[in-house]
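> The structure is given below, and queries will be raised subsequently.
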Amino acid sequence: MYLRNALCAATALSVLGTVGAYAETITIATVNNGDMIRMQGLTDDFTAKTGHKVEWVTLEENVLRQRVTTDISAKGGQFDIMTIGMYETPIWAKNGWLVSMDDLPADYDVDDILPAMRGGLSYDGTMYAAPFYGESSMIMYRKDLMEAAGMEMPDAPTWDFVADAARAMTDKDNEIYGICLRGKAGWGENMAFLTATSNAFGARWFDEDWKPQFDTKPWADTLNFYINLMNEAGPPGASNNGFNENLSLFQQGKCGMWIDATVAASFVTNPNDSTVADKVGFALAPDAGLGKRSNWLWAWALAIPAGTQKEAAAKEFIEWATSKDYIELVASKEGWANVPPGARTSLYENENYKNIPFAKMTLESILSADPNNPTVDPVPYVGVQFAAIPEFAGIATQVGQEFSAALAGQQTAEEALAKAQALTAEEMEAAGY
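Under this note's numbering, think of the first position of the sequence shown as 331, with each following residue one higher.
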């Protein structure tokens with residue numbers, strides 16, 4: 331008996347010693363969105379299970395994109411995990427910059443990931459990033475303000491209806507603005523919204539010969555409609571507002587409508603954070619009668635840069651953070667309405683989740699976005715709110731600055747479009763298109 335106990339004790343010490351020997355501290359770069367902040371608060375569960383510790387670098391969206399792009403392209407090695415999306419993943423995987431996810435264990439259930447998300451995070455049939463959450467975009471609106479305006483939101487509205495409703499709901503004397511939309515410059519900020527919106531108006535970034543299209547009527551219609559609507563029914567300083575700024579305005583009761591990421595639904599309906607939590611309705615992103623809606627498709631995903639010295643620990647974290655068990659963990663702590671959405675089929679089959687008021691509209695929005703056919707007229711690129719080419723991020727950042735300046739009244743829409751056309755043509759020609 332004594333020998334057996336001694337052997338058991340020795341084995342236990344050996345296991346603990348092994349865990350201790352292989353315990354790592356990994357550094358993760360992520361965006362300062364609510365779901366990522368929540369994940370950081372639950373990291374002790376990961377550490378308890380694996381022994382690994384985590385250091386977080388949490389950044390505003392535009393800054394995150396710049397930092398991780400600079401680091402991975404220069405092989406800087408600052409991060410063991412990066413939060414990236416559907417734009418970067420296939421491009422970086424093609425360059426050999428990412429570790430593949432083709433060896434995740436069977437119980438992780440890769441096939442449970444929504445096909446749209448898995449496909450967008452893959453290159454040449456292999457997944458290179460795992461979705462922490464997936465999203466499209468939709469309308470979040472104040473049911474009480476809509477009713478007071480004598481209007482009723484359809485499930486699938488047009489842009490004309492949205493504009494009429496926004497003006498009817500606006501009460502600037504009481505700081506209530508009919509609509510809040512992204513204006514902050516950035517390829518993933520105002521240009522994500524405006525590119526998706528332009529699809530509905532019949533615009534496109536490039537024709538089939540890669541010629542920029544900002545000098546066409548559909549782009550003029552898009553930008554003029556947006557600026558006029560925001561001037562008449564939007565909040566002051568809208569050119570500085572991105573996702574987080576508009577979220578705060580909506581939660582404070584200052585927005586009649588907000589068209590943005592479906593993931594925001596859990597935040598605007600959370601009574602701990604939102605003053606209008608019980609007054610929110612949902613609808614599909616609007617169209618302009620041309621057969622395309624203004625909703626995008628995106629996943630914030632976790633990826634491992636090639637060359638990290640802590641690949642095994644990084645992959646363990648990704649398995650933990652993007653698993654079915656993590657969803658259950660969040661549900662047990664925060665409730666089902668606050669689990670990361672849009673990534674797994676099983677979530678939308680879960681009886682606990684089916685009754686969440688925004689679940690059905692979120693899934694419908696995700697499934698209706700088609701990155702392979704995003705526009706009314708044919709295009710040579712893939713992507714709904716972006717064109718999946720390496721040059722896009724840099725070009726769209728510059729275009730976003732011009733459009734934001736037009737929204738701020740620093741130039742006309744026509745001047746912004748002319749500059750966008752010229753700079754895009756120059757950059758594409760230099761890139762050899």
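A virtual CB, placed ideally from N, CA and C, is assigned to each residue, including glycine.
These figures come from a predicted structure and were not determined experimentally.
1) Return the CA-CA distance between Thr742 and Phe733, expressed in angstroms with no decimal places.
2) Would you mind sorting Val440 into buried or exposed? The rule is 16 or more other CB atoms within 10 Å of its CB.
3) Starting from the Cα of Phe536, find the closest Cα among Ser467, Trp422, Asn703 and Pro708 and give me that residue.
4) What residues match up with Thr355 in a beta bridge as DSSP calls it?
5) Say whether the region 641 to 656 touches the region 455 to 462, bearing in mind that this needs 3 or more beta-carbon pairs closer than 8 angstroms, one atom from each stretch.
6) Near Ser624, which residues of its chain fall below 6 angstroms by C-beta distance, leaving aside the five closest residues on each side in sequence?
7) Does Pro484 get closer than 8 angstroms to chain D when you measure Cβ to Cβ?
8) Tell me which same chain residues have a C-beta within less than 6 angstroms of the C-beta of Ile725, skipping the five on either side of it?
9) Please report how far the alpha carbon of Asp375 lies from the alpha carbon of Asp437, in whole angstroms.
10) Here's the rule: buried if 16 or more other CB atoms are within 10 angstroms of the residue's CB, otherwise exposed. What is Asn561?
11) Leaving out the 5 sequence neighbours to the left and right, which residues in its chain are closer than 6 angstroms to Trp427 when beta-carbon positions are compared?
12) How would you call Gln543, buried or exposed, if buried means at least 16 neighbouring beta carbons within 10 angstroms?
13) Does the beta-carbon of Pro701 have 16 or more other beta-carbons within 10 angstroms, so that it is buried, or is it exposed?
14) Starting from Tyr507 and walking both ways along the beta strand (DSSP E), at which residues does that stretch end?
15) Is the region 596 to 610 touching the region 477 to 490 in the sense that three or more CB pairs, one from each, lie closer than 8 angstroms?
16) Using the three-state DSSP reduction, which class does Leu627 fall into: helix, strand or coil?
17) Using CA atoms only, rank isn't needed, just tell me which of Ala643, Thr399, Thr419 and Phe716 is closest to Gly381.
18) Between Ser430, Glu482 and Gly672, which has its C-alpha nearest Ala594's C-alpha?
19) Looking at Pro670 and Asp365, is the spacing between their C-beta atoms short of 8 angstroms?
20) Short of 7 angstroms in beta carbon distance, which residues of its chain neighbour Thr373, apart from the five on each side in sequence? Order them along the chain.
21) Where does Ile589 sit, in a helix, a strand or coil, going by DSSP?
22) Rounded to whole angstroms, what is the Cα-Cα separation between Ala433 and Ile506?
23) How about Trp540 and Gly730: are their beta carbons less than 8 angstroms apart?
Taking the coordinates as given:
1) Here the question's residue 742 lines up with position 412 in the sequence shown. Here the question's residue 733 lines up with position 403 in the sequence shown. In a straight line, the C-alpha of Thr742 is about 9 angstroms away from that of Phe733.
2) As a first step, residue 440 must be located in the sequence shown, where it is residue number 110. Label assigned to Val440: exposed.
3) Walking along the sequence shown from the start, residue 536 turns up at place 206. It is Pro708 whose Cα lies nearest to the Cα of Phe536.
4) Mapped onto the sequence shown, residue 355 falls at position 25. In the DSSP output, where bridge partners are listed per residue, Thr355 has Lys383.
5) yes
6) The residue you call residue 624 lines up with position 294 of the sequence shown. Result list for Ser624: Ala526, Thr527, Ala530, Ala615 and Pro616, in chain order.
7) Reference to chain D is not applicable here, since this structure consists of a single protein chain.
8) Taking the sequence shown and counting its residues from 1, the one referred to as residue 725 is at position 395. For Ile725, where only same-chain residues beyond five positions count, the Cβ hits under 6 angstroms are Thr754 and Glu757.
9) What you label residue 375 is simply residue 45 of the sequence shown in a count that begins at 1. What you label residue 437 is simply residue 107 of the sequence shown in a count that begins at 1. Approximately 19 angstroms between the Cα atoms of the pair.
10) Position 231 of the sequence shown, counting from 1, holds the residue named residue 561. Burial call: exposed.
11) Looking up residue 427 in the sequence shown gives position 97. Answer for Trp427: Ile402 and Ala636, listed in chain order.
12) One-based indexing of the sequence shown puts residue 543 at position 213. It counts as buried.
13) Counting from 1 along the sequence shown, the entry for residue 701 is found at position 371. With 16 or more other Cβ atoms within 10 Å, it is buried.
14) Counting from 1 along the sequence shown, the entry for residue 507 is found at position 177. That run of the beta strand (DSSP E) goes Tyr507 to Cys510.
15) no
16) What you label residue 627 is simply residue 297 of the sequence shown in a count that begins at 1. Residue state, collapsed to three classes: coil.
17) Taking the first residue of the sequence shown as position 1, residue 381 is located at position 51. When each option's Cα is compared against that of Gly381, the closest is Ala643.
18) Position 264 of the sequence shown, counted from the first residue, corresponds to residue 594. Looking at the Cα atoms, Gly672 is the closest of the given residues.
19) For the purposes of this step, residue 365 is identified with residue 35 of the sequence shown, where counting begins at 1. For the purposes of this step, residue 670 is identified with residue 340 of the sequence shown, where counting begins at 1. Yes, these two residues count as a Cβ contact at 8 angstroms.
20) Start at 1 with the first residue of the sequence shown, and residue 373 comes out as number 43. Same-chain partners within the cutoff: Val384.
21) The residue you call residue 589 lines up with position 259 of the sequence shown. Strand.
22) In the sequence shown, the residue the question calls residue 433 occupies position 103. In the sequence shown, the residue the question calls residue 506 occupies position 176. Sequence check: residue 433 is Asp here, not Ala. If you take the alpha carbons of Asp433 and Ile506, they lie about 51 angstroms apart.
23) As a first step, residue 540 must be located in the sequence shown, where it is residue number 210. As a first step, residue 730 must be located in the sequence shown, where it is residue number 400. No, the Cβ-Cβ distance between Trp540 and Gly730 is not below 8 angstroms.
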